[in-house]
Amino acid sequence: MTWEVGEELLRSILEKAPYAEGRVRRERRLEFKVPVERLREFLSVMKEHNFPLMLQISAVDWLKEGEIELVYHLMNIELGTHAMVKVRIPRDLEKAKVPTVRDIYPAAETYERDVHDFFGVYFEGNDKMEMPWILDDPERGLYPHRKDFNMLEYVKRKYKILDRFDENKDRYVI
Numbered sequence: 103m104t105w106e107v108g109e110e111l112l113r114s115i116l117e118k119a120p121y122a123e124g125r126v127r128r129e130r131r132l133e134f135k136v137p138v139e140r141l142r143e144f145l146s147v148m149k150e151h152n153f154p155l156m157l158q159i160s161a162v163d164w165l166k167e168g169e170i171e172l173v174y175h176l177m178n179i180e181l182g183t184h185a186m187v188k189v190r191i192p193r194d195l196e197k198a199k200v201p202t203v204r205d206i207y208p209a210a211e212t213y214e215r216d217v218h219d220f221f222g223v224y225f226e227g228n229d230k231m232e233m234p235w236i237l238d239d240p241e242r243g244l245y246p247h248r249k250d251f252n253m254l255e256y257v258k259r260k261y262k263i264l265d266r267f268d269e270n271k272d273r274y275v276i
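Using the working numbering, the first residue of the sequence shown is number 103, and each one after it goes up by one.
If you want it as structure tokens, here you go:
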């Protein structure tokens, strides 16, 4: 896909979704920012524009901003184009909620459960949020990929090897 084809694809998508912000990040790479309340609608637009494959949902914990950014990675195989659809939500556990998109992209179910286990984001409408996925039951609710997660404290408690750790060290290989 050339830069011009990317610009045309971007224009076509934004015509259908004027509430979104978008740009061609580089050849074969589109980036969009969407309000969370329009996420499902926007992903349906992306599917109509031949982005049938969801590669992943990743998350970034913006601790200082008090937000978690979800990045939905989509692929247009025909054009070899990767699109990143970004939404931001509050990181507060009571408010860290977003609607599921597993009915639009069935592969999203796995990715939603992964983000839930590691970041504490709740995907409303996904009835498998409370089923154990990656973490053991006693570890549920710890959210180890959040920036304020105390890994050293967790390792000490989980493996009961307190004498190996010095509080004054700033690097460990575990």
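All residues carry an ideal CB built from backbone N, CA and C; glycine is no exception.
It should be emphasised that the depicted structure is a prediction, and the values quoted were computed from it without experimental measurement.
The DSSP-derived three-state label of Tyr245 is coil.
Rounded to the nearest angstrom, the Cβ distance from Tyr213 to Ile179 is 18 Å, too far for a contact under 8 Å. DSSP, reduced to helix, strand and coil, places Ala122 outside both helices and strands of the structure shown, so it counts as coil. Exclusion of the five residues before and after Ala119 leaves Phe144 and Val147 as the residues of its chain whose Cβ lies within less than 6 Å of its Cβ. For Thr183, the secondary structure class from DSSP, reduced to helix, strand or coil, is strand. Take the alpha-carbon of Tyr174 and the one of Arg140: they are about 14 Å apart. The region 179-191 and the region 201-221 do not touch, with fewer than three beta-carbon pairs separated by less than 8 Å. Distance check between Thr202 and each of Glu117, Asp216 and Glu129 places Asp216 closest, using alpha-carbon atoms only.
Straight through space, the alpha carbons of Glu196 and Gly227 are spaced by roughly 16 Å. According to the DSSP assignment, Val200 belongs to the beta strand (DSSP E) that extends over Lys199 to Pro201. Contact between Met231 and His218 is confirmed by a C-beta separation of about 5 Å, below the 8 Å threshold. Looking at the backbone, the Cα of Glu109 and that of Ile115 are separated by about 10 Å. Phe251 and Glu167 have their C-alpha atoms some 16 Å from each other. DSSP places Tyr256 in the uninterrupted alpha helix (DSSP H) bounded by Met253 to Tyr261.
In terms of Cα proximity to Arg193, the closest of Met177, Arg204, Leu176 and Trp164 is Trp164. Residue environment for Leu254: exposed (fewer than 16 other C-beta atoms within 10 angstroms of its C-beta).
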